[in-house]
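Residue numbers (the numbering used here), protein chains in the order written: chain A, 2 to 262; chain B, 2 to 91.
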Ligand SMILES: Nc1ncnc2c1ncn2[C@@H]1O[C@H](COP(=O)(O)OP(=O)(O)O)[C@@H](O)[C@H]1O
Ligand SMILES: [Mg+2]
């Protein structure tokens with residue numbers, strides 16, 4: 002029996018889809034069986050980030066409506082045979098599935114996969130409720146910007162209300178140069194204010210954008226800084242780094258942002 | 002390092018007060034009113050330095066705390082104390 006993890010945020014465009022794709026790759030690299038679920042119905046893009054858009058036959062709504070079997074809708078990523086995508090429907094809207102249907106879907110997937118990663122749409126409406134319905138735990142993504150962190154605080158409050166307490170935090174698009182000059186919020190300040198454990202920090206990296214153009218997640222490309230960060234987060238999510246992880250993380254972060262210690 | 006606050010620190014401070022406002026539903030007008038009422042109550046018992054008084058909402062954990070620091074002019078209770086003069090008379 003696997004576990005389902007929803008990747009969510011308050012503000013849009015902070016890197017949920019990027020994180021879902023790369024954590025999926027990272028967990029598959031570790032030998033885990035992973036199902037990526039694109040719950041952003043009507044605005045699907047997890048398939049594009051993974052370069053799988055041409056292989057889609059059925060989607061999540063087809064499965065929920067019993068129009069096809071779950072197996073028929075899952076797209077296998079040939080680069081990592083243990084990685085599968087359940088695409089979102091592009092032509093429907095968020096009301097096309099219900100939280101109950103999402104719960105049933107995640108339960109079915111957890112029987113077959115070690116990890117079910119659900120990529121959530123932005124916002125706090127039905128799309129969010131659908132995405133969190135079948136989740137065992139939540140990962141909140143933010144950037145170190147005032148608007149994004151403020152919205153993350155609201156989402157964490159809502160997750161608590163949905164019986165999903167103790168989410169962990171990914172701070173994405175950190176720019177070490179700006180942090181060093183004091184022109185960007187300190188990651189630890191953000192984590193302290195939100196009062197949730199910091200799962201990882203991902204630097205701003207052009208490779209995320211240039212590789213996304215080609216349908217290649219950064220975690221697959223050796224030498225990219227964001228890719229290395231996502232691989233480390235996947236290991237932490239998988240529990241391969243124990244309590245020392247946060248110290249190791251802070252050590253790495255300190256080095257990353259150039260704080261001597 | 003000039004006298005100006007760096008953008009990162011400024012952002013942190015602004016964020017903190019926004020988050021506290023979101024969590025509590027308070028705003029600066031309500032906090033002012035709360036402060037005035039608190040001072041009113043406390044001054045019935047003690048001589049508070051109203052200008053030096055600070056009443057703040059702070060984020061703490063996933064919640065918030067109301068923190069008040071009310072310096073006193075004299076560390077003595079007022080001669081005529083409290084409603085009906087019945088409270089805390091020694
Ligand atoms: N660490 C990063 N460095 C550079 N660009 C990034 C990074 N993370 C995300 N992006 C870019 O930001 C944009 C939004 O990311 P996306 O994952 O689609 O966000 P969301 O799913 O939260 O809306 C994309 O163009 C993506 O390539
Ligand atoms: Mg997205």
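Even glycine gets a Cβ: it sits at the ideal position worked out from N, Cα and C. Bear in mind the structure is a predicted one, so any value in this text is a computation, not a measurement.
query: Supposed contact pair residue 157 (chain A) and residue 145 (chain A) - C-beta distance, whole angstroms, cut 8 Å; result: Rounded, the Cβ-Cβ distance is 16 Å, inconsistent with contact.
query: Length of the line joining the Cα atoms of residue 34 (chain A) and residue 76 (chain A); result: 13 Å
query: Touching by the beta-carbon criterion (3+ pairs, under 8 Å), the segment 231-241 of chain A and the segment 18-30 of chain A; result: yes
query: 8 Å Cβ cutoff met for residue 31 (chain A) and residue 17 (chain B); result: no
query: Residue-chain proximity (residue 27 (chain A), chain B), Cβ-Cβ < 8 Å; result: no
query: heavy atom of ligand 1 below 7 Å from residue 225 (chain A) C-beta; result: no
query: Cβ-based burial, residue 5 (chain A) [other Cβ within 10 Å; buried from 16]; result: buried
query: Residue(s) in a DSSP beta bridge with residue 118 (chain A); result: A:6, A:37
query: 8 Å CB neighbourhood of residue 21 (chain B) in its chain, flanking five on each side removed; result: 27, 58, 59, 60, 65
query: Closest Cα partner of residue 123 (chain A) within the set A:238, A:18, A:186; result: A:18
query: Within chain A, partners of residue 15 (chain B) - CB distance below 7 Å; result: 147
query: Quiz: which residues have CB nearer than 5 Å to ligand 2 non-hydrogen atoms; result: A:17, A:18
query: At least three beta-carbon pairs within less than 8 Å, the segment 53-67 of chain A to the segment 176-191 of chain A; result: no
query: Contact the segment 132-146 of chain A vs the segment 8-17 of chain A: 3+ CB pairs below 8 Å; result: yes
query: Under 7 Å from the C-beta of residue 62 (chain B): neighbouring residues of chain A; result: 196
query: Short-range partners of chain A found in the segment 17-31 of chain B, where Cβ spacing is below 9 Å; result: 17, 19, 20, 23, 24
query: Closer than 7 Å at the beta carbon, the chain A residues around residue 7 (chain B); result: 183, 184
query: Residue 10 (chain B): contacting residues in chain A (beta-carbon distance under 8 Å); result: 183
query: Residue closest to residue 48 (chain A), alpha-carbon to alpha-carbon, out of A:138, A:73, A:62, A:21; result: A:21
query: Where residue 12 (chain A) sits in the DSSP three-state scheme; result: coil
query: At least three beta-carbon pairs within less than 8 Å, the segment 93-103 of chain A to the segment 118-136 of chain A; result: yes
query: Contiguous alpha helix (DSSP H) assignments of at least 4 residues, all confined to the segment 50-125 of chain A; result: 61-65, 71-74, 100-113
query: Environment of residue 15 (chain B) [buried if 16+ CB atoms lie within 10 Å]; result: exposed
query: 6 Å Cβ shell around residue 216 (chain A) - same chain, five flanking residues per side excluded; result: 52
query: Secondary structure, beta strand (DSSP E): runs of 3+ residues fully inside the segment 8-78 of chain B; result: 47-49, 55-61, 64-70, 73-78
query: Residue 284 (chain A) beta carbon near ligand 1 (any heavy atom closer than 7 Å); result: The structure shown does not extend to residue 284 (chain A), since chain A is modelled only from 2 through 262, so no value can be given for it.
query: Nonlocal neighbours in the same chain, by C-beta distance under 7 Å from residue 114 (chain A), ignoring five residues either side; result: 3, 34, 35, 36
query: Residue 206 (chain A): CB within 7 Å of a non-hydrogen atom of ligand 1; result: yes
query: CB contact flag (residue 78 (chain A), residue 86 (chain A), <8 Å); result: yes
query: Partner residues on chain B for residue 120 (chain A), Cβ-Cβ distance less than 7 Å; result: Ordered by position in chain B, no residue passes the 7 Å Cβ test against residue 120 (chain A), which lies about 25 Å from the chain.
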